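Residue numbers for the sequence shown follow the working numbering, so the first one is -3 and each next one is one higher.
Beta carbons: idealized from backbone N, C-alpha and C, even for Gly.
Being a predicted model, the structure only gives us computed values, none of them experimental.
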Amino acid sequence: MVKDDPNRKFAAHILNAGNRGKDLSKQLLAFGRRSLSNIVAFQLEDVVEKEIEFIKIMIPENIAIHKEIEVGLPPVMGMVDEINQVMLNVFINASEAMPQGGDITVSLSRENSYSFINGQGLDQKGDTILLCVQDTGIGMEPLILDQIFDPFFTTKLIGDGSGLGMSVAQGIVAEHKGHIEAESQQGEGTTIRIYFPIPEVQLNLQSLTQSPKHTTPMENGNVRILLLDDDSLVIEFTNLLLEPFGYVVTDFLDSDKAIKSIQEDPTDFDMIITDYGMPKMSGKEFASTVRAINADIPILLFTGYGDLVANAEAQSWGIQGVLTKPFKSSELGDAVTKCFSSLPGNG
């Protein structure tokens, strides 16, 4: 459309409305917890650093961002794109609270034995990574502060905001079994604190690698396991948890290579462990392919989707067990034993 076309301004309004509708749809989907993003292990500081560089482009030049990021923090499990959404909402709110300019301080640190009430209303305690975003903006009075996590609550003019930003952030953090809280005073700025739990599989890594070898829970000698996951950090963690039990683990990051290995010798492995959400082939599709090669091999499915993948449904796919990430060493050992023993002749 040419610059002088009289319909240009109407087209611009339509485009803006469409983009606003798209953004609102994304937030509604996130608020309804229907994201299809994969849960992976990642370094939170890397995600925070990238988001800071992204947000610098969006905020006014009179706002400075300061970083206080602790080095050597353990990885967390989660959905990177949803964590990005949380940080984007928090950063945008902070910048809009400083119309005359100011400072945003972003800190990342480890908080041990932090206690909070989780999204299910239960008391939760454990080691966490704290993401703190503090601004020097106008702050909020107590009445507004009490409502910032309420769906559709906004202090903006009609049409300028959906009122879903912080409620979406709270929902995403709750999905990650974490906690978000706000502190603010009028004229003194606002501080948002977000606590992400450190999975026990990571807390136990050092003790696992230093402890004596466990007695395998199976009594049929060394068990040969094929492990498939598209995330190298998950592969590393799972290997560290499996090897002390005496299992012989062969891992793959690529489903095609894993299938080829099974085709070359269908009896080379005693058990298959596969992730559910993978780019080339889902865990369901992988299990079906394996079943066509070896109908008797037990299969254990890892998933970050929780109740979305039920044991009964997985069994109809030819899968003997489902284990939700993150998991403890003992849970993994029990799942492997139960899955192996579930096949006829192994009980």
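- Message: Rounded to the nearest angstrom, what separates glutamine 96 and isoleucine 88 at their Cα positions?
- Response: It is roughly 15 angstroms from the alpha-carbon of glutamine 96 to the alpha-carbon of isoleucine 88.
- With a threshold of 16 other CB atoms inside 10 Å of the CB of valine 102, please say whether the residue is buried or exposed. buried
- Query: Roughly how many angstroms lie between the CA atoms of isoleucine 48 and tyrosine 110, to the nearest whole one?
  - Reply: 26 angstroms
- Message: Alpha carbons only, please: which of Gly317, Thr132 and Ile255 is nearest the one belonging to serine 180?
- Response: Thr132
- Message: Restricting to Cα atoms, I'd like to know which of Gly279, Ile35 and Asp99 is closest to glutamate 171.
- Response: Comparing alpha-carbon positions, the option among Gly279, Ile35 and Asp99 lying closest to glutamate 171 turns out to be Ile35.
- Considering only residues of the segment 123 to 147, which uninterrupted alpha helix (DSSP H) runs meet the minimum length of 4 residues and lie entirely inside it, listed in chain order? 138 to 141
- Task: Rank Leu296, Gly329 and Asn58 by C-alpha distance to the C-alpha of glycine 317 and give the top, closest one.
- Result: Leu296
- Message: Using the Cβ count rule (16 or more neighbours within 10 Å means buried), how would you classify isoleucine 53?
- Response: exposed
- Query: Which residue comes first and which comes last in the beta strand (DSSP E) that contains methionine 73?
  - Reply: 72 to 74
- Report the rounded CA-to-CA distance for glutamine 259 versus leucine 238, giving the unit in angstroms. 24 angstroms
- Task: Determine the burial state of glycine 74: buried for a count of at least 16 other Cβ atoms within 10 Å of its Cβ, exposed for fewer.
- Result: buried
- Leaving out the 5 sequence neighbours to the left and right, which residues in its chain are closer than 6 angstroms to proline 262 when beta-carbon positions are compared? Ile289 and Asn290
- Is phenylalanine 282 closer than 9 angstroms to isoleucine 346 when the C-beta atoms are compared? Past the edges of the chain, shown from -3 to 343, lies residue 346, and the structure says nothing about it.
- Message: How far does the beta strand (DSSP E) with aspartate 271 in it extend, from its first residue to its last?
- Response: 267 to 271
- DSSP-derived helix/strand/coil call for proline 193: Note: proline 193 maps to strand in three-state DSSP.
- Task: Let me know the alpha helix (DSSP H) ranges lying completely inside the segment 41 to 116, each 4 residues or longer, listed in chain order.
- Result: 76 to 92
- Message: Measuring CB atoms only, is the segment 178 to 192 touching the segment 124 to 131, in the sense that at least three cross pairs come out at less than 8 angstroms?
- Response: yes
- Assuming leucine 229 contacts isoleucine 269 under a Cβ cut-off of 8 angstroms, what Cβ separation, rounded to an integer in Å, is found between them? Not quite, the Cβ-Cβ distance comes to about 16 angstroms (not below 8 angstroms), so this is no contact.
- Is the distance from the Cβ of aspartate 225 to the Cβ of aspartate 271 below 9 angstroms? Against a cut-off of 9 angstroms, the Cβ pair of aspartate 271 and aspartate 225 comes out as a contact.
- Give the secondary structure of lysine 121 by DSSP, where H, G and I count as helix, E and B as strand, and everything else as coil. strand
- From this set, Val245, Ile100 and Asp142, which residue's C-alpha is nearest alanine 60's C-alpha? Considering only alpha carbons, the answer is Ile100.
- Task: Would you decide whether isoleucine 194 is buried or exposed? Buried here means 16 or more other CB atoms lie within 10 Å of its CB.
- Result: buried
- Message: Restricting to Cα atoms, I'd like to know which of Lys256, Gly161, Glu64 and Phe248 is closest to isoleucine 231.
- Response: It is Phe248 whose Cα lies nearest to the Cα of isoleucine 231.
- Task: Evaluate histidine 175 with the Cβ neighbour count: other Cβ atoms within 10 Å of its Cβ, from every protein chain shown; 16 or more gives buried, anything less gives exposed.
- Result: buried
- Message: With H, G and I counted as helix, E and B as strand and the rest as coil, what does DSSP make of aspartate 361?
- Response: The first residue shown for the chain is -3 and the last is 343, placing residue 361 beyond what the model contains.
- Query: What are the partner residues of arginine 220, as DSSP defines its beta bridges?
  - Reply: Val244
- Give every residue of the same chain whose Cβ lies closer than 6 angstroms to the Cβ of lysine 280, excluding the five residues on either side of it in the sequence, and list them in chain order. Trp313
- Shortest alpha-carbon distance to glutamate 64 belongs to which of Gln39, Lys46 and Leu104? Leu104
- Message: Let me confirm a value: aspartate 252 is counted as buried when at least 16 other C-beta atoms fall within 10 Å, else exposed. Which label applies?
- Response: Exposed, since its Cβ has fewer than 16 Cβ neighbours within 10 Å.
- Taking the alpha-carbon positions, what's the isoleucine 168 to phenylalanine 145 distance? When only Cα atoms are considered, isoleucine 168 and phenylalanine 145 end up about 12 angstroms apart.
- Task: Report the three-state DSSP secondary structure of threonine 263 (helix, strand or coil).
- Result: coil
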